[in-house]
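K.L.:
Here it is, the structure in full.
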């Protein structure tokens, strides 16, 4: 590794990680936005592009991991710099997973195409993904500015995503019951909605990591990252 | 470098992390086994215990994270010791997520209870969870023995889990189509099966981390952690 042993160069190494995370964030946002667009428009070409693009995130995560470990071993950073580097590893892992979830939506486009999607459903999915994308964007901004207040707020807003997801879940069950020919497509849409809800959870994870990077302590574990659909149908069937 | 004060005590700190990971592994295995048992037996009391038990994994992950960072900052470990500690953070994160997935199965027990589950389905779910648990157990053994060969084999065997999951997916769709009254319960069972499939993915992640800890390099990214159900219904509906 050709870095020279100056303090400036250590900062450069940290800045490199920050830049790579920001790039990963941009790719992850695009994958999520495009996969949902492909889904609601039945655009299989776009779905193929999304699926291919995900490999970029896998590569980036590995590279960030390797770099982070090299930087720790070589520089032996203390306290806040160490948190910065450990945080990069965690955020890269969340963004890689966001890409996986987007790719999985892309892969379901063909199966869902066979169904005429009711407008209400499409709007619900779009709304869900807009919220998840806003979360992702804001949490990446919080990462850039190291703002732990924003991170805190984002975590709480995740509940809105869960509520919309639960209502979509009920709606999809209704469509299946109304017409069994919808079952296969609706099942894929259920998993797409679940994927978007999970993307919101990963944004929350990133918010927690940003808080940890900024403050050195962890947010209390009060907010469970858990959808509430398990209670749907628990009492009546 | 302040590593000189008692090498033994640094070893103790590493051993502490190893022990805590092993404990987490034991709890995660129990949560998965019990949640599936609660599901197939409709045992809501057991489901409640599983849900409560998951909090232990959340606490353990936070503690391991905090400890790991303190150890790195204080000891400034090089190469293999650093990999060991970074690996602990990653494995704790996977095990925490395994617990979440088990807890989510537990939460669906009540909703699924309303349905008389066909024997074939129950056997399929049990078989899937046995495979996932075997993966988990073997990967934790590989972690204890730092065997990268075992880790490598486990990663490849994950494909069997995916195949069984896909066949369960098809079967559940069939039950829904045969009788729309099964739709709600079958949907919850679909998510349970998906959760078990994801548990297999986390075992694979751990295998990759063990390989990294043992060798210092990463397994090539050839094996996608991806279920193949997206193609179900893609051509016929």
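Residue numbers (my numbering), protein chains in the order written: chain A, 1 to 237; chain B, 1 to 237.
Heads up, the beta-carbon is just placed ideally off N, CA and C, and yes, glycines get one too.
Roughly how many whole angstroms lie between the Cα atoms of residue 82 of chain A and residue 69 of chain B?
P.N.:
Going by the C-alpha atoms only, they are around 8 Å apart.
K.L.:
Ordered along the chain, which non-local residues of its own chain (more than five positions away) have a Cβ less than 7 Å from that of residue 205 of chain A?
P.N.:
Here the set comprises 94.
K.L.:
Between A/174, A/130, A/171, A/184, which has its C-alpha nearest residue 177 of chain B's C-alpha?
P.N.:
Residue A/184 is the option with its Cα nearest to residue 177 of chain B.
K.L.:
Looking at residue 132 of chain A: is its Cβ nearer than 8 Å to the Cβ of residue 210 of chain A?
P.N.:
Cβ atoms of residue 132 of chain A and residue 210 of chain A: not closer than 8 Å.
K.L.:
Which two residues bound the contiguous alpha helix (DSSP H) that contains residue 102 of chain A?
P.N.:
Note, residue 102 of chain A: alpha helix (DSSP H), 79-113.
K.L.:
Span of the alpha helix (DSSP H) holding residue 62 of chain B?
P.N.:
Taken as a continuous stretch (DSSP letters only), the alpha helix (DSSP H) holding residue 62 of chain B covers 44-75.
K.L.:
Taking only beta carbons into account, state which residues of the segment 65-79 of chain B come closer than 7 Å to chain A, listed in chain order.
P.N.:
So the close ones are 69, 72, 73, 76, 78, 79.
K.L.:
Taking the alpha-carbon of residue 118 of chain A as reference, which of A/163, A/39, A/97 has the nearest alpha-carbon?
P.N.:
When only C-alpha atoms are compared, the closest one is A/39.
K.L.:
Which chain B residues are close to residue 119 of chain A, counting only those with a beta carbon under 7 Å from its beta carbon?
P.N.:
Those do not exist, as residue 119 of chain A stays about 20 Å from chain B at its closest Cβ, beyond 7 Å.
K.L.:
Starting from residue 130 of chain B, follow the alpha helix (DSSP H) in both directions and report where the run begins and ends.
P.N.:
Residue 130 of chain B -> alpha helix (DSSP H) spans 119-145.
K.L.:
Applying a beta-carbon distance threshold of less than 7 Å, which residues of chain A neighbour residue 187 of chain B?
P.N.:
In chain order: 173, 190.
K.L.:
Whole angstroms are fine: how far does the CA of residue 154 of chain A sit from the CA of residue 147 of chain B?
P.N.:
The straight-line gap from Cα to Cα measures roughly 41 Å.
K.L.:
So, under 8 Å CB-CB, residue 229 of chain A and residue 191 of chain A are touching, yes? Tell me the CB distance rounded to an integer number of Å.
P.N.:
That pair is no contact at about 12 Å.
K.L.:
Work out the CA separation of residue 61 of chain A and residue 219 of chain B for me, nearest whole Å.
P.N.:
C-alpha separation (whole angstroms): 13 Å.
K.L.:
Enumerate in chain order the residues of its own chain whose CB-to-CB distance from residue 107 of chain B is below 8 Å, with the five nearest sequence positions on each side excluded.
P.N.:
Around residue 107 of chain B: 47, 51.
K.L.:
For residue 33 of chain B, which residues of its own chain have a beta-carbon under 8 Å away from its beta-carbon, when the five flanking residues on both sides are left out?
P.N.:
Cβ neighbours of residue 33 of chain B beyond the five flanking positions: 129, 133.
K.L.:
With DSSP collapsed to three states, give me the class of residue 233 of chain B.
P.N.:
Three-state DSSP puts residue 233 of chain B in coil, outside helix and strand.
K.L.:
Measuring CB to CB, does residue 109 of chain A end up less than 8 Å from residue 42 of chain A?
P.N.:
Against a cut-off of 8 Å, the Cβ pair of residue 42 of chain A and residue 109 of chain A comes out as a contact.
K.L.:
Quick one, which residues of the segment 128-150 of chain A are near chain B if we go by CB-CB under 7 Å, in chain order?
P.N.:
Hits within the stretch: zero.
K.L.:
Quick check: residue 127 of chain B and residue 164 of chain B, are their CB atoms within less than 8 Å of each other?
P.N.:
In contact: residue 127 of chain B and residue 164 of chain B (Cβ atoms closer than 8 Å).
K.L.:
Starting from the N-terminal side, write out each stretch of the alpha helix (DSSP H) that is 4 residues or longer and does not extend beyond the segment 136-217 of chain A.
P.N.:
Counting only runs of 4 or more, we get 148-178, 183-215.
K.L.:
Could you give the DSSP three-state label for residue 228 of chain A: helix, strand or coil?
P.N.:
Three-state DSSP puts residue 228 of chain A in coil, outside helix and strand.
K.L.:
Tell me, please, whether the CB atom of residue 86 of chain A is closer than 8 Å to any CB atom in chain B?
P.N.:
Interface residue, yes.
K.L.:
Indicate the three-state DSSP secondary structure (helix, strand or coil) for residue 219 of chain B in the structure shown.
P.N.:
Three-state DSSP puts residue 219 of chain B in coil, outside helix and strand.
K.L.:
Are the CB atoms of residue 98 of chain B and residue 199 of chain B within a distance shorter than 8 Å?
P.N.:
Closer than 8 Å, so yes.
K.L.:
In or out: residue 120 of chain A buried (at least 16 other Cβ within 10 Å) or exposed?
P.N.:
So residue 120 of chain A ends up on the exposed side.
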